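What follows is one structure encoded as structure tokens, with my remarks underneath.
2 protein chains.
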Amino acid sequence: MQNFTLHTPTKVIFGKGQIAQLSNEIPKDAKILLIYGGGSIKHNGVLSQVHAALEGYSVELFGGIEPNPAYETLIKAVEYIHQNKIDYLLAVGGGSVIDGTKFIAAAAKYPGADPWEIMTSGGAHITSAIPFSCVLTLPATGSETNNISVISRRETDDKLHFASPFVYPQVAILDPAAAFSLPPRQVANGIVDAFVHTLEQYLTYPVNAKVQDRYAEGLLMTLLEEGPKALEEPENYDVRANIMWSATQALNGVLGAGVPQDWATHMLAHQLTAFHGLDHAQTLAIILPQLLQEKRDVKHDKLLQYAERVWNLTEGSEDERIDKAIYATRQFFESLGIKTHLSDYQLDGSSIPAMVNKLEQQGLVSLGEHQDITLDISKRIYEASI
Amino acid sequence: MQNFTLHTPTKVIFGKGQIAQLSNEIPKDAKILLIYGGGSIKHNGVLSQVHAALEGYSVELFGGIEPNPAYETLIKAVEYIHQNKIDYLLAVGGGSVIDGTKFIAAAAKYPGADPWEIMTSGGAHITSAIPFSCVLTLPATGSETNNISVISRRETDDKLHFASPFVYPQVAILDPAAAFSLPPRQVANGIVDAFVHTLEQYLTYPVNAKVQDRYAEGLLMTLLEEGPKALEEPENYDVRANIMWSATQALNGVLGAGVPQDWATHMLAHQLTAFHGLDHAQTLAIILPQLLQEKRDVKHDKLLQYAERVWNLTEGSEDERIDKAIYATRQFFESLGIKTHLSDYQLDGSSIPAMVNKLEQQGLVSLGEHQDITLDISKRIYEASI
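These protein sequence lines are chains A and B, in that order.
Per this note's numbering, the first sequence runs over residues 5 to 390.
Per this note's numbering, the second sequence runs over residues 5 to 390.
Shown next as structure tokens:
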């Protein structure tokens with residue numbers, strides 16, 4: 005096992021009706037900006053539950069955070085905060101709203117002249133942030149209990165991430181019932197997102213970290229079992245609860261503590277969203293199977309473990325088992341309605357040279373757990389994904 | 005899944021050589037009381053590593069915290085703190101030292117007249133505590149990242165626990181190499197302790213909490229695989245690391261979040277330590293198998309799941325599989341050198357009436373996940389354990 009530091013300070017309040025607990029957690033004199041996305045919280049009852057919980061508080065609203073939250077939008081929230089002396093943020097939504105809120109919280113206190121530096125420096129220069137909590141409505145990214153944020157800049161086709169110890173949510177309220185009304189595409193996206201987050205921290209090379217391996221396999225098996233049920237029985241509370249808790253656990257730091265991590269699938273996938281506006285989960289489902297094929301030699305031991313423990317594949321040669329595990333992974337994504345080839349999205353690969361250029365421009369020239377995915381290999385993975 | 009609140013704010017710094025990081029975590033102007041146990045840290049290099057890390061700090065020492073830490077000893081540390089204006093505690097040791105430090109931290113700031121009330125009220129009246137961190141030398145109790153403490157009072161044969169949000173360690177340094185020199189009995193105790201902690205949160209009744217079940221099974225399988233190796237190869241770092249991380253995970257709140265919990269084994273076992281001074285793990289190994297036999301009907305479904313997923317028992321009738329799983333559990337404890345009958349410790353059961361009286365006196369009259377373990381049933385479990 006490798007050395008690690010693990011900090012998970014966010015207080016999780018999980019379950020039915022738990023939004024009501026907000027008033028026990030947020031200081032009574034807080035001047036709150038409630039940050040949300042496209043407005044579904046106005047129709048599914050979540051916003052009214054939040055308002056009921058925060059009766060007597062000063063609460064102002066800032067909506068319109070997009071999927072793949074845009075710097076151009078977030079910077080308007082920062083201006084609003086400065087003008088209105090906001091001192092607490094409450095993100096109500098999915099990973100995009102929470103990621104956006106992390107950027108807003110840090111940018112509002114940023115000591116430098118240009119808040120975009122937060123992204124280009126990966127969060128290194130952040131010295132404080134406005135305190136915030138979140139109410140999760142879409143299990144997927146794990147942003148609700150970690151300190152990571154992914155932000156896009158539309159004018160430059162950039163999609164970058166930052167992390168900082170100052171942007172852990174103080175409290176995360178997770179009510180699985182808040183996800184009942186999600187459209188199937190978002191449900192499926194969330195399952196694939198959590199599944200790939202887990203694989204990024206698991207399918208590398210063995211370092212004899214048995215707890216982390218068993219935890220990862222447990223989350224993968226849970227997502228395999230519960231994923232299809234979430235689409236068939238959208239109001240099955242236990243199914244939604246298992247998926248929501250899996251998605252949170254998949255990226256709270258525990259899986260990745262003490263083990264090598266990959267994340268090349270994410271880096272390549274981010275470009276697809278930046279260039280073509282595909283959903284994050286769609287881009288992961290396109291890249292991952294080809295990346296596993298490309299790196300099957302260095303991932304050999306963990307691919308075999310994945311085949312056996314998650315997919316129960318014990319027959320045939322090692323190569324056959326690895327083939328079957330990669331195929332089963334792709335089929336799982338397809339079974340949830342998420343296509344796994346660029347051509348399924350009417351893309352012919354003509355943007356590949358530009359995406360590879362963008363990787364180079366962002367310094368992403370040696371990716372993966374061995375830092376051996378060069379630009380040439382990234383290009384090959386993109387081309388194999390057509 | 006049941007509703008839950010989960011808070012794990014302790015920052016974990018895990019691995020070889022990590023004691024050196026203490027100086028990054030403790031304020032430079034802290035007036036530290038370093039609390040330790042029987043003195044093994046003076047011989048195994050841990051104390052000198054701590055002193056090296058804290059060069060330039062004000063550090064005073066308070067040793068002599070016993071296994072099953074005694075109120076009578078801890079209260080002397082509280083007096084010392086008041087007289088010497090100590091404002092930070094550093095526990096260096098195993099679960100007993102950390103549990104004792106939690107009590108000291110709370111008692112030093114306790115608003116009431118009698119600090120023993122902390123134990124009789126279960127921690128309810130604590131309003132603040134001296135901040136503290138810990139360096140773990142014995143993986144076992146999970147005390148290093150939770151807010152629970154078990155304290156004994158010698159003069160009254162009491163062994164009670166308390167919990168409080170004010171007694172989470174700020175930082176927990178976990179260096180598996182610090183455990184290399186432990187005697188085999190303590191290594192085995194730690195493995196059994198972590199194993200039973202996991203079972204207390206797992207072997208109840210199903211609530212469709214798939215992540216928690218898979219995590220528990222993962223820890224149990226890890227302890228089964230690595231436990232014997234830790235005794236055979238005491239300086240195998242990875243083995244020790246897997247056991248240390250399992251023991252921490254077994255009682256940091258994650259396994260028990262959203263699921264029913266038992267803890268009757270612990271309540272019955274505590275009396276055995278209070279009356280006869282047996283090691284905590286020995287008392288768990290004595291009580292658990294008989295408690296599982298006694299409650300095999302209400303634990304039926306989870307016992308079968310345990311038999312299948314942890315012990316790979318899929319043949320035979322349900323009753324046979326449950327019998328085999330309980331037998332295998334007992335044999336695992338015995339294989340580590342921990343005997344599982346009172347008579348193995350030269351106890352003939354003559355103290356059972358007094359122990360049952362003590363349960364009654366402490367209000368422990370309806371134990372277990374269904375609160376259906378009455379005093380009569382507790383008596384039966386004790387008698388079956390002879």
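Glycine included, C-beta positions come from ideal geometry on N, C-alpha and C.
Being a predicted model, the structure only gives us computed values, none of them experimental.
- List the residues of chain B that A/Ser-250 touches, going by C-beta distances under 9 Å, in chain order. On the first sequence, position 246 is the one that residue 250 of chain A refers to. For A/Ser-250, the chain B residues whose Cβ falls inside 9 Å of its Cβ are Lys-214, Val-215, in order along the chain.
- Which chain C residues sit within Cβ distance under 9 Å of B/Asn-246? The structure shown contains no chain C; its protein chains are A and B.
- Query: Hey, quick one: how far does the alpha helix (DSSP H) through B/Leu-38 stretch, first residue to last?
  - Reply: To locate residue 38 of chain B, count along the second sequence from 1; it is residue 34. Unbroken run through B/Leu-38 is the beta strand (DSSP E), 35-39; no alpha helix (DSSP H).
- Task: Measure the alpha-carbon distance for B/Lys-383 versus A/Gly-262 and round it to whole angstroms.
- Result: Walking along the second sequence from the start, residue 383 of chain B turns up at place 379. Walking along the first sequence from the start, residue 262 of chain A turns up at place 258. Answer to the nearest angstrom: the Cα atoms are 45 Å apart.
- Task: Using a threshold of 8 Å, state whether the C-beta atoms of B/Gly-97 and B/Tyr-40 are closer than that.
- Result: Counting from one through the second sequence, the residue named residue 97 of chain B turns up at place 93. Counting from one through the second sequence, the residue named residue 40 of chain B turns up at place 36. Cβ distance < 8 Å, so B/Gly-97 and B/Tyr-40 count as in contact.
- At 8 Å on the CB atoms, spell out the chain A contacts of B/Arg-157, in chain order. Here residue 157 of chain B refers to the residue found at position 153 of the second sequence. By Cβ distance, chain A contributes nothing, its closest Cβ being about 33 Å from B/Arg-157, past 8 Å.
- Task: For the beta strand (DSSP E) containing A/Thr-9, list its first residue and its last residue.
- Result: As a working mapping, residue 9 of chain A is identified with position 5 in the first sequence. Counting along the chain, the beta strand (DSSP E) containing A/Thr-9 begins and ends at 8-18.
- Query: When the Cα atoms are used, what is the spatial distance from A/Tyr-206 to A/Pro-264?
  - Reply: Stepping through the first sequence from its first residue, residue 206 of chain A is reached at position 202. Stepping through the first sequence from its first residue, residue 264 of chain A is reached at position 260. Each residue's Cα considered, the two are about 8 Å apart.
- Tell me, please, whether the region 193-209 of chain A touches the region 157-164 of chain A by the rule of three or more beta-carbon pairs shorter than 8 Å. No: the two stretches stay apart, fewer than three of their Cβ pairs being nearer than 8 Å.
- Message: Against chain A, does B/Ile-17 count as a neighbour if the rule is that its beta carbon must be under 8 Å from one of theirs?
- Response: On the second sequence, residue 17 of chain B is found 13 positions in, with the first residue counted as 1. Answer yes: the Cβ-Cβ gap between B/Ile-17 and chain A drops below 8 Å somewhere.
- Task: Could you confirm whether any beta carbon from chain B is found closer than 8 Å to the beta carbon of A/Thr-9?
- Result: Within the first sequence, residue 9 of chain A is the residue found at index 5, counting from 1. Taking 8 Å as the threshold, the shortest C-beta distance from A/Thr-9 to chain B falls below it.
- Query: How is A/His-345 classed by DSSP in three states: helix, strand or coil?
  - Reply: On the first sequence, position 341 is the one that residue 345 of chain A refers to. Note: A/His-345 maps to coil in three-state DSSP.
- Query: Between B/Gln-25 and the rest of its own chain, which residues show a CB-CB distance below 6 Å, the 5 nearest in sequence each way excluded?
  - Reply: The residue given as residue 25 of chain B occupies position 21 in the second sequence. Spatial neighbours of B/Gln-25 in its own chain (CB-CB distance under 6 Å, excluding positions within 5 residues in sequence) are listed in chain order as Ile-17.
- Task: Within its chain, find whatever has a CB closer than 8 Å to the CB of B/Asn-212; leave out the 5 residues flanking it on each side and keep chain order.
- Result: Here residue 212 of chain B refers to the residue found at position 208 of the second sequence. Excluding sequence neighbours, B/Asn-212 sits near Met-5.
- Are the beta-carbon atoms of A/Ile-290 and A/Leu-308 separated by less than 8 Å? Taking the first sequence and counting its residues from 1, the one referred to as residue 290 of chain A is at position 286. Taking the first sequence and counting its residues from 1, the one referred to as residue 308 of chain A is at position 304. Cβ atoms of A/Ile-290 and A/Leu-308: not closer than 8 Å.
- Proximity of A/Tyr-219 and A/Val-258 at Cβ, strictly below 8 Å: Here residue 219 of chain A is taken as the residue at index 215 of the first sequence, counted from 1. Here residue 258 of chain A is taken as the residue at index 254 of the first sequence, counted from 1. Yes, the pair counts as a contact, with Cβ atoms nearer than the cut-off.
- Unbroken alpha helix (DSSP H) run spanning A/Val-50, endpoints: For the purposes of this step, residue 50 of chain A is taken as residue 46 along the first sequence, with counting starting at 1. A/Val-50 -> alpha helix (DSSP H) spans 50-57.
- Message: Give me the chain B residues within the contact set of A/Pro-13, using Cβ-Cβ distance strictly less than 7 Å, ordered along the chain.
- Response: Counting from 1 along the first sequence, the entry for residue 13 of chain A is found at position 9. What A/Pro-13 touches in chain B, judged by beta-carbon distance under 7 Å, is Pro-13, going in chain order.
- Item | Nonlocal neighbours in the same chain, by C-beta distance under 8 Å from A/Thr-378, ignoring five residues either side | As a working mapping, residue 378 of chain A is identified with position 374 in the first sequence. So the qualifying residues of the chain are Val-369, Ser-370.
- Residue of A/Gly-320, A/Trp-267, A/Tyr-386 minimising C-alpha distance to A/Ser-347: As a working mapping, residue 347 of chain A is identified with position 343 in the first sequence. Selected option, being the one with the closest Cα: A/Tyr-386.
- Task: Sort out for me which residues DSSP pairs A/Arg-157 with in a bridge.
- Result: The sequence position of residue 157 of chain A within the first sequence is 153, counting from 1. According to DSSP, A/Arg-157 bridges with A/Asp-162.
- Message: Closer than 7 Å between beta carbons: that is the criterion. Which residues of the region 233-244 of chain B meet it against chain A?
- Response: Going along the region 233-244 of chain B in chain order, one finds Asp-242 with a Cβ nearer than 7 Å to chain A.
- Please list the partners that A/Arg-218 has in chain B, where partner means a Cβ-to-Cβ separation under 9 Å. Within the first sequence, the letter at position 214 stands for residue 218 of chain A. Result: Arg-218, Tyr-219, Glu-221, Gly-222, Leu-223, Met-225, Thr-226.
- Message: For B/His-86, count the other beta carbons within 10 Å of its own beta carbon; 16 or more makes it buried, fewer makes it exposed. Which is it?
- Response: Indexing the second sequence from 1 puts residue 86 of chain B at position 82. When all chains shown are included, B/His-86 counts as exposed.
- Message: Counting C-beta neighbours from all protein chains within 10 Å, is the total for A/Asp-103 16 or more, i.e. buried, or is it exposed?
- Response: Looking up residue 103 of chain A in the first sequence gives position 99. Here A/Asp-103 is buried: its Cβ has 16 or more other Cβ atoms, across all protein chains shown, within 10 Å.
- Along chain B, which residues have their Cβ under 8 Å away from the Cβ of A/Gln-286? Here residue 286 of chain A corresponds to residue number 282 of the first sequence, with the count starting at 1. Taking a Cβ-Cβ cut-off of 8 Å, A/Gln-286 has no neighbours in chain B, whose nearest Cβ is about 25 Å from it.
- Message: Distance check for A/Glu-121 and A/Asn-88, CA to CA, integer angstroms please.
- Response: Stepping through the first sequence from its first residue, residue 88 of chain A is reached at position 84. Stepping through the first sequence from its first residue, residue 121 of chain A is reached at position 117. About 24 Å.
- Which of the three DSSP states, helix, strand or coil, is assigned to B/Ser-339? Position 335 of the second sequence, counted from the start, is the residue given in the question as residue 339 of chain B. If DSSP states are grouped into helix, strand and coil, B/Ser-339 belongs with the helices.
- Item | Rounded straight-line distance, which links the Cα of B/Lys-343 to that of B/Asp-323 | Your numbering for residue 323 of chain B matches position 319 in the second sequence. Your numbering for residue 343 of chain B matches position 339 in the second sequence. Cα to Cα, B/Asp-323 sits roughly 25 Å from B/Lys-343.
- Item | Sequence-distant residues of its chain with Cβ nearer than 7 Å to A/Arg-334 (five each side left out) | For this step, residue 334 of chain A is matched to residue 330 along the first sequence. Around A/Arg-334: Pro-293, Thr-344.
- Query: If you draw a straight line from the alpha carbon of B/Glu-236 to that of B/Pro-71, how long is it in whole angstroms?
  - Reply: Counted from its first residue, the second sequence places residue 236 of chain B at position 232. Counted from its first residue, the second sequence places residue 71 of chain B at position 67. Approximately 25 Å, taken between the alpha carbons.
- Message: Using only CA atoms, which one of B/Pro-143, B/Ala-285, B/Pro-188 lies nearest to B/Ile-247?
- Response: Residue numbering aside, residue 247 of chain B sits at position 243 when the second sequence is read from its first letter. Nearest of B/Pro-143, B/Ala-285, B/Pro-188 to B/Ile-247, Cα basis: B/Pro-143.
- Query: What is the DSSP secondary structure of B/Leu-2, counted as helix, strand or coil?
  - Reply: There is no way to answer for residue 2 of chain B, as the model of chain B reaches only from 5 to 390.
- Please confirm whether B/Ser-132 and B/Phe-170 have their CB atoms less than 8 Å apart. Translated into the one-based positions of the second sequence, residue 132 of chain B becomes position 128. Translated into the one-based positions of the second sequence, residue 170 of chain B becomes position 166. Between B/Ser-132 and B/Phe-170, the CB-CB gap stays under 8 Å.
- Message: Taking 8 Å as the threshold (C-beta atoms), are B/Ala-182 and B/Thr-141 in contact?
- Response: Here residue 141 of chain B refers to the residue found at position 137 when the second sequence is read from its first residue. Here residue 182 of chain B refers to the residue found at position 178 when the second sequence is read from its first residue. Inclusion of B/Thr-141 and B/Ala-182 in the CB contact set at 8 Å is warranted, their separation being smaller than that value.
- Task: Would you decide whether B/His-270 is buried or exposed? Buried here means 16 or more other CB atoms lie within 10 Å of its CB.
- Result: Mapped onto the second sequence, residue 270 of chain B falls at position 266. By the Cβ neighbour-count rule, B/His-270 is buried, with 16 or more other Cβ atoms within 10 Å of its own.
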